[in-house]
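Asks: Okay, handing you the structure first.
Residue numbers (our numbering): 1235 to 1354.
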């Protein structure tokens, strides 16, 4: 994931799966989930600081909230700084809240083409 002679290499989407623990696996799963969440937050901040255009998808698989199952948040150097910072903080807050409430959820980072962002 870098630059090759001034041309950006193909970057694929990153996905993190956070699952609720099964009986008897609570501590192991909790530790794995915390590491995954830390990795996702670290990558979010890293991609933001690198000035990448990307969409963060947060998908909640915990019933019964079917109507609010998926959220997409755009991060782009072309958005105003205040909006970008608000979006980054919102995503981090959602990850921490969902992790603390024991939800099943996915986090995806999907690169987008420049100027091809959904302006929240």
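Backbone N, C-alpha and C fix where the C-beta goes; we use that ideal spot for every residue, glycine too.
Given residue 1295, which residues of its chain have a CB within under 8 Å of its CB, disregarding the five upstream and five downstream residues?
Replies: Excluding residues within five positions, the ones whose Cβ falls inside 8 Å are 1303, 1337, 1338, 1339, 1340.
Asks: What span of residues does the beta strand (DSSP E) with residue 1250 cover, start to end?
Replies: Unbroken beta strand (DSSP E) run through residue 1250: 1248-1252.
Asks: If you draw a straight line from the alpha carbon of residue 1343 to that of residue 1314, how long is it in whole angstroms?
Replies: If I take the Cα positions, the gap works out to 20 Å.
Asks: To the nearest whole angstrom, what separates the beta carbons of residue 1290 and residue 1272, a pair I think is in contact under 8 Å?
Replies: About 16 Å; that fails the 8 Å criterion.
Asks: So, for residue 1253: in the same chain, excluding its five sequence neighbours on each side, which residues have a beta-carbon less than 8 Å away from its beta-carbon?
Replies: If we look at residue 1253 and ignore the five residues flanking it on each side, its Cβ neighbours are 1263, 1267, 1338.
Asks: Using a threshold of 8 Å, state whether the C-beta atoms of residue 1277 and residue 1311 are closer than that.
Replies: Against a cut-off of 8 Å, the Cβ pair of residue 1311 and residue 1277 comes out as no contact.
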